[in-house]
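Okay, structure first, notes after.
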Amino acid sequence: MFASLKNKIREETGSDLSKLTAKITSSTVQKIESIRGRSHQGSTSSLNSIVSSEGFREDGPIEPEELRRRLAKLESDFARKLEQKEHEWKEITRDKDNRLHALEHEKDEAYKQISNLKEALKNAEEFKLKILELQENTEQLESLQSQELSKVKGLVLLRDQELAGKNTALKDALLQLEKLRSEVTRLRRQEELLSDVQIM
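In case it helps, UniProt numbering puts the sequence shown at residues 1 to 200.
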């Protein structure tokens with residue numbers, strides 16, 4: 001988290017946080033040490049220039065104790081602002097992390113939906129193939145049934161023709177039989193007549 005904050009500060013300010021903090025702190029420490037190293041009778045103009053550079057402007061000389069107090073306040077304000085900025089960056093980073101996690105979750109959900117859609121598409125394709133196969137089998141079955149029906153119809157027609165032929169032959173045979181019976185009856189009558197003639 002802190003590394004992300006440092007990176008963000010580096011992007012915003014163009015320098016590293018640690019270097020920036022060290023630079024500011026070093027500058028402040030140098031000023032404090034400079035003040036501590038001077039006597040109470042030191043250069044008033046130098047002290048005034050340090051205080052002026054930190055935002056304080058005095059017309060007259062400044063007591064070293066007052067100067068230390070003001071520098072301590074400046075350090076405290078700087079530390080407070082730095083902590084506030086760090087807190088703000090943490091909030092920004094936390095917000096970005098939350099959004100990143102949300103996007104990661106949305107991405108995972110999207111991948112799941114894509115996977116489900118691919119599976120559904122695969123099942124649909126398989127079902128389509130099964131339907132086409134079933135249709136093909138049904139068409140083949142209907143074709144076979146039609147062929148078998150045609151064969152049965154042909155056999156029935158052939159049998160009908162054979163039966164018609166047999167009926168015709170039977171009728172002819174019956175006519176021949178009737179003729180033969182008539183001929184037999186006629187011959188018997190002639191035989192009886194011949195017998196009667198011989199007796200006489």
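Heads up, the beta-carbon is just placed ideally off N, CA and C, and yes, glycines get one too.
Since the structure is predicted, the reported quantities are computational estimates derived from the model, not experimental observations.
Where residue i falls, given that 16 or more other Cβ within 10 Å makes a residue buried
i: residue 193; result: exposed
i: residue 177; result: exposed
i: residue 180; result: exposed
i: residue 129; result: exposed
i: residue 230; result: The structure shown has nothing for residue 230, since the chain only spans 1 to 200.
i: residue 67; result: buried
Distance, residue j Cα to residue i Cα
i: residue 72; j: residue 79; result: 10 angstroms
i: residue 82; j: residue 74; result: 12 angstroms
i: residue 76; j: residue 103; result: 40 angstroms
i: residue 62; j: residue 89; result: 37 angstroms
i: residue 97; j: residue 91; result: 10 angstroms
i: residue 127; j: residue 134; result: 10 angstroms
i: residue 154; j: residue 183; result: 43 angstroms
i: residue 122; j: residue 116; result: 10 angstroms
i: residue 203; j: residue 161; result: Residue 203 lies beyond the residue range present for the chain, which begins at 1 and ends at 200; the question has no answer from this structure.
i: residue 139; j: residue 158; result: 28 angstroms
i: residue 150; j: residue 125; result: 37 angstroms
i: residue 174; j: residue 187; result: 19 angstroms
i: residue 86; j: residue 93; result: 10 angstroms
i: residue 170; j: residue 156; result: 20 angstroms
i: residue 118; j: residue 131; result: 20 angstroms
i: residue 112; j: residue 120; result: 12 angstroms
i: residue 172; j: residue 166; result: 10 angstroms
Neighbour flag for residue i against chain B, beta carbons, 8 angstroms
i: residue 90; result: Checking the listed chains, one finds no chain B in this structure; it contains a single protein chain.
| request: Could you tell me which uninterrupted beta strand (DSSP E) segments, each at least 3 residues in length, are contained entirely in the segment 139–191, listed from first to last along the chain? | output: With a minimum length of 3 residues, no continuous beta strand (DSSP E) run stays inside the segment 139–191.
| request: Can you check the segment 55–101 for any beta strand (DSSP E) of at least 3 residues that lies completely inside it and give the ranges in chain order? | output: none
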